[in-house]
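First the structure, in the form of structure tokens, and then the observations on it.
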Amino acid sequence: MVTRTGPATTSGGLCVAVAAPDQAGVLLLLHPLLALVDVVEVRLDAMQQPDVAQLRAAIARPLLYTNRPEWEGGAYRGSEEQRLALLHQAALCGADYVDLELRAAPQQRHGLLASLVGRTGRMIISWHDFSCTPPTETLADILARQADSGAHIGKIVTMAREPADVRRVLALLELAEQRRFPLIAFCMGAAGRVSRVATLALGGFMTYAAPDGATGTAPGQLSVSQLRGMLRTLEGEA
Numbered sequence: 000m001v002t003r004t005g006p007a008t009t010s011g012g013l014c015v016a017v018a019a020p021d022q023a024g025v026l027l028l029l030h031p032l033l034a035l036v037d038v039v040e041v042r043l044d045a046m047q048q049p050d051v052a053q054l055r056a057a058i059a060r061p062l063l064y065t066n067r068p069e070w071e072g073g074a075y076r077g078s079e080e081q082r083l084a085l086l087h088q089a090a091l092c093g094a095d096y097v098d099l100e101l102r103a104a105p106q107q108r109h110g111l112l113a114s115l116v117g118r119t120g121r122m123i124i125s126w127h128d129f130s131c132t133p134p135t136e137t138l139a140d141i142l143a144r145q146a147d148s149g150a151h152i153g154k155i156v157t158m159a160r161e162p163a164d165v166r167r168v169l170a171l172l173e174l175a176e177q178r179r180f181p182l183i184a185f186c187m188g189a190a191g192r193v194s195r196v197a198t199l200a201l202g203g204f205m206t207y208a209a210p211d212g213a214t215g216t217a218p219g220q221l222s223v224s225q226l227r228g229m230l231r232t233l234e235g236e237a
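Just so you know, we're using numbering that gives the first Met the number 0 here: the sequence shown kicks off at 0 and counts up by one.
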């Protein structure tokens with residue numbers, strides 16, 4: 000397994016995923032929610048002219064930058080060089096997390112990791128399947144590749160069609176614990192909603208929610224208020 004360098008990795012908790020065309024739209028969605036979330040994901044691929052430094056200065060929460068390409072279910076259509084350049088800027092501007100796809104070229108991953116050396120930011124290495132949930136053997140192989148990638152945190156998210164899909168994905172959390180590799184793991188779709196709540200109780204690093212009253216960035220996302228309420232119930236809070 001690759002040795003990861005950087006800060007100690009503590010749980011991210013509840014992350015709100017925000018997609019808006021400009022900074023004003025991002026802040027408008029965030030304003031009523033900051034007290035309910037632990038991390039803010041800004042989808043740079045949804046923005047027309049993102050300024051990562053201004054976003055960092057304006058958002059008083061740990062910040063995750065994602066610039067998702069079309070080939071991984073996102074909106075970014077430019078060159079890989081330009082896409083990665085924005086993530087490099089984010090790393091240098093004090094990002095708490097940057098998300099990079101496992102399918103990205105290894106040299107891109109190594110370069111982004113180099114930008115994080117000596118900083119507090121951490122890389123999330125992500126893999127998504129928007130059509131189905133692969134067999135256990137495939138999922139375990141993806142986890143192994145992520146754990147060996149040098150990234151600090153893994154993310155595996157699939158589309159659930161039935162309860163068995165959810166069980167296979169959540170079972171990855173035990174494998175990740177054996178590797179001492181923090182993992183984000185849950186399912187999309189209506190059948191996967193339960194996993195967005197259960198993942199934290201089972202040791203998942205982070206779960207994602209949509210801003211209240213806004214369209215989510217993935218199928219089956221619950222709103223921040225819904226998900227926070229469920230988590231509080233599980234934790235025995237009023």
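All residues carry an ideal CB built from backbone N, CA and C; glycine is no exception.
Inset, instruction - Could you tell me which of Asp211, Ala189 and Ile183 sits nearest to Met205, measuring between CA atoms? - result: Here residue 205 refers to the residue found at position 206 of the sequence shown. Minimum Cα distance to Met205 is reached at Ile183.
Inset, instruction - Please list, in chain order, all residues of the same chain as Leu174 whose beta carbon is under 7 Å from its beta carbon, the five residues on each side excluded. - result: Counted from its first residue, the sequence shown places residue 174 at position 175. Around Leu174: Ala139 and Leu142.
Inset, instruction - For the alpha helix (DSSP H) holding Val168, just list the boundary residues, first then last. - result: For the purposes of this step, residue 168 is taken as residue 169 along the sequence shown, with counting starting at 1. From DSSP, the alpha helix (DSSP H) with Val168 extends over Pro162 to Leu169.
Legend entry - DSSP-derived helix/strand/coil call for Gly12: Along the sequence shown, one-based indexing puts residue 12 at 13. Gly12: strand per DSSP, three-state reduction.
Inset, instruction - Compare the beta carbon distance of Tyr64 and Val41 with 7 Å and say whether it is the shorter of the two. - result: Locating residue 64 in the sequence shown gives position 65, where the first residue counts as 1. Locating residue 41 in the sequence shown gives position 42, where the first residue counts as 1. In this structure, Val41 lies closer than 7 Å to Tyr64 by Cβ.
Inset, instruction - For the segment 183-203 and the segment 148-161, state whether three or more C-beta atom pairs, one from each stretch, are separated by less than 8 Å. - result: yes
Inset, instruction - Work out the CA separation of Asp164 and Gly228 for me, nearest whole Å. - result: By 1-based counting over the sequence shown, the position of residue 228 is 229. By 1-based counting over the sequence shown, the position of residue 164 is 165. Answer to the nearest angstrom: the Cα atoms are 25 Å apart.
Inset, instruction - Tell me, to the nearest whole angstrom, how far the beta carbon of Ala57 is from that of Leu86; I am working on the premise that it is less than 8 Å. - result: Residue numbering aside, residue 57 sits at position 58 when the sequence shown is read from its first letter. Residue numbering aside, residue 86 sits at position 87 when the sequence shown is read from its first letter. Actually they are not in contact, since the Cβ atoms of Ala57 and Leu86 sit about 19 Å apart, beyond 8 Å.
Inset, instruction - Just mark Arg67 as buried or exposed, buried being the case when its beta carbon has 16 or more other beta carbons within 10 Å. - result: The count along the sequence shown starts at 1 and reaches residue 67 at position 68. Buried, by the Cβ-count rule.
Inset, instruction - Would you kindly work out how many angstroms separate the C-alpha atoms of Gly149 and Leu226, rounded to a whole number? - result: Against the sequence shown, residue 149 aligns to sequence position 150. Against the sequence shown, residue 226 aligns to sequence position 227. Using only the alpha carbons, I get a separation of about 31 Å.
Legend entry - Limits of the beta strand (DSSP E) - the one that His127 falls within: In the sequence shown, the residue the question calls residue 127 occupies position 128. Its beta strand (DSSP E) spans residues Arg121 to Asp128.
Legend entry - Identified DSSP bridge partners for Ala184: Residue 184 sits at position 185 when you count from the first residue of the sequence shown. Ile155.
Legend entry - Short Cβ contact (7 Å threshold) for Trp126 with Leu101: For the purposes of this step, residue 126 is taken as the residue at position 127 of the sequence shown. For the purposes of this step, residue 101 is taken as the residue at position 102 of the sequence shown. Yes; because the gap between Cβ atoms is below 7 Å, this pair is in contact.
Inset, instruction - Within its chain, find whatever has a CB closer than 7 Å to the CB of Ala237; leave out the 5 residues flanking it on each side and keep chain order. - result: The residue labelled residue 237 in the question sits at position 238 within the sequence shown. In this prediction, Ala237 scores a pLDDT of 49, lower than 50, which makes its location untrustworthy; the coordinate-derived value is nonetheless stated afterwards. Taken in chain order, the list of residues that qualify is empty.
Legend entry - Proximity of Tyr96 and Ile124 at Cβ, strictly below 7 Å: Against the sequence shown, residue 96 aligns to sequence position 97. Against the sequence shown, residue 124 aligns to sequence position 125. No.
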